[in-house]
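Engineer:
Numbering (our numbering), first residue to last: 2 to 344.
Following this line, the structure appears as structure tokens:
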């Protein structure tokens, strides 16, 4: 089969590799769509170091069952499926606490967060255990289905951790893929004002198309003044989804008493000045959200099936697997939101 193999920093090579064999409890999936996540790109550029070459990246996957192991009776050839990248043991203390994404014996398909990284979706086929499979809704495209995982992560952050309530005002800093999925959920969840902050007009335009009540280009105006012009009393929820320290710093500058702040996007080392006293006296609640679990995967897929959200709307660039170099170059484009590989 054809696969894009990362051999080293900025060394992505198209190779003919063996089709993976399957164990008794596994299935072979023909990959139909795979998103390029920022974590994939960080591995490619060398910013992410918790991987060992050679490796096949890609953890946002949808496809079709091509073969099944001897002990598999719940899936059959031709089934259209969505994959969750997290494989947990179900027995360690973290798993027993419902934190399977922090499993002490865990594995991850083409992504990060676990010590063991299995071959991912930048290939024609991927072998996975049945525990990570979900049925693809018939009304969903393979592209939308592949983005169930980032949608699930956004659901965990917006709905479960930051507890969005009907009519609340939400500020999202960053109009990339994750920021716009958070926006779709905020709109679907009945938020009041939804304000998106970014520095790229094309991304802000997409935010308006997806239902943002207001957009702010922080290169052109003071974002804090602009937010408080719209919401004089300040927002209920602030999401940092830009992945830079300056956005994290801005998040705390937008709070009022009782604001819930979610550090959702910053994954790079660094520090920002924060006043514990202000957090205390303002009763600011600080949350973060990382990875996914079966519950939020199920919730996200249900939202897609019911037509409440469509993650496929954020796709801006599409490439065949043979065009992996162009796909990676597209990750640098200012108007890029989501890049999809169609093997």
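Glycine residues also receive a C-beta, built at the ideal position from the N, C-alpha and C atoms. Being a predicted model, the structure only gives us computed values, none of them experimental.
#1: So the alpha helix (DSSP H) residue 252 belongs to, where does it begin and stop?
#2: In terms of alpha-carbon separation, which member of 336, 297 and 274 lies closest to residue 206?
#3: On the CB-based measure, 16 or more other CB atoms within 10 Å of its CB, does residue 152 come out buried or exposed?
#4: Please report the distance separating the alpha-carbon of residue 280 from that of residue 263.
#5: Give the single residue among 321, 306, 201 and 54 whose Cα lies nearest to the Cα of residue 111.
#6: Pairs of beta-carbons, one from the region 192–207 and one from the region 129–147, closer than 8 Å: are there three or more?
#7: Please give me, in chain order, every unbroken run of the alpha helix (DSSP H) with length at least 4 that falls completely inside the region 101–162.
#8: Write down every uninterrupted run of the alpha helix (DSSP H) in the region 301–335 whose length is 4 residues or greater and which is fully enclosed by it, in chain order.
#9: For residue 282, count the other beta carbons within 10 Å of its own beta carbon; 16 or more makes it buried, fewer makes it exposed. Which is it?
#10: Provide the residue span of the beta strand (DSSP E) that contains residue 81, from first to last.
#11: Using the C-alpha atoms, what's the distance from residue 73 back to residue 89?
#12: Three or more C-beta pairs under 8 Å: does that hold for the region 74–83 against the region 93–102?
#13: Write down the C-beta distance between residue 76 and residue 66 rounded to the nearest angstrom, noting that I regard them as a contact closer than 8 Å.
#14: Kindly indicate which three-state DSSP category residue 282 falls into: helix, strand or coil?
#15: To the nearest angstrom, how far is it from the Cα of residue 340 to the Cα of residue 246?
#16: Relative to the C-alpha of residue 38, which candidate in 16, 61, 26 and 50 has its C-alpha closest?
#17: Let me check understanding here. Comparing Cα to Cα, which of 116, 15 and 71 lies closest to residue 25?
#18: Terminal residues of the continuous alpha helix (DSSP H) containing residue 96?
#19: In the structure shown, what three-state DSSP assignment does residue 257 receive?
#20: Do residue 292 and residue 158 have their beta-carbon atoms positioned less than 7 Å apart in this structure?
#21: In angstroms, rounded to a whole number, what distance separates the CA positions of residue 345 and residue 134?
#22: Quick check on DSSP: helix, strand or coil for residue 195?
#23: Less than 7 Å separating the beta-carbons of residue 174 and residue 272?
#24: Measuring straight from C-alpha to C-alpha, what distance separates residue 315 and residue 210?
#25: For residue 259 and residue 124, what's the separation of their Cα atoms in angstroms?
Structural biologist: Put simply:
#1: Its alpha helix (DSSP H) spans residues 246–254.
#2: Selection 336, 297 and 274 evaluated against residue 206 yields 336 as nearest (Cα-Cα).
#3: buried
#4: 13 Å
#5: Of 321, 306, 201 and 54, the residue nearest in Cα terms is 54.
#6: no
#7: Taking only runs of at least 4 residues, the alpha helix (DSSP H) segments lying wholly in the region 101–162 are 143–147 and 149–156.
#8: Listed in chain order, they are 325–331.
#9: Around the beta-carbon of residue 282, fewer than 16 other beta-carbon atoms lie within 10 Å, marking it exposed.
#10: Secondary structure note for residue 81: its beta strand (DSSP E) is the uninterrupted segment 81–84.
#11: The alpha-carbon atoms of residue 89 and residue 73 are separated by roughly 19 Å.
#12: no
#13: 5 Å
#14: Three-state result, residue 282: helix.
#15: 24 Å
#16: 61
#17: 71
#18: 94–97
#19: coil
#20: no
#21: The requested residue 345 does not occur in the structure, where the chain is confined to residues 2 to 344.
#22: If DSSP states are grouped into helix, strand and coil, residue 195 belongs with the strands.
#23: no
#24: 10 Å
#25: 46 Å
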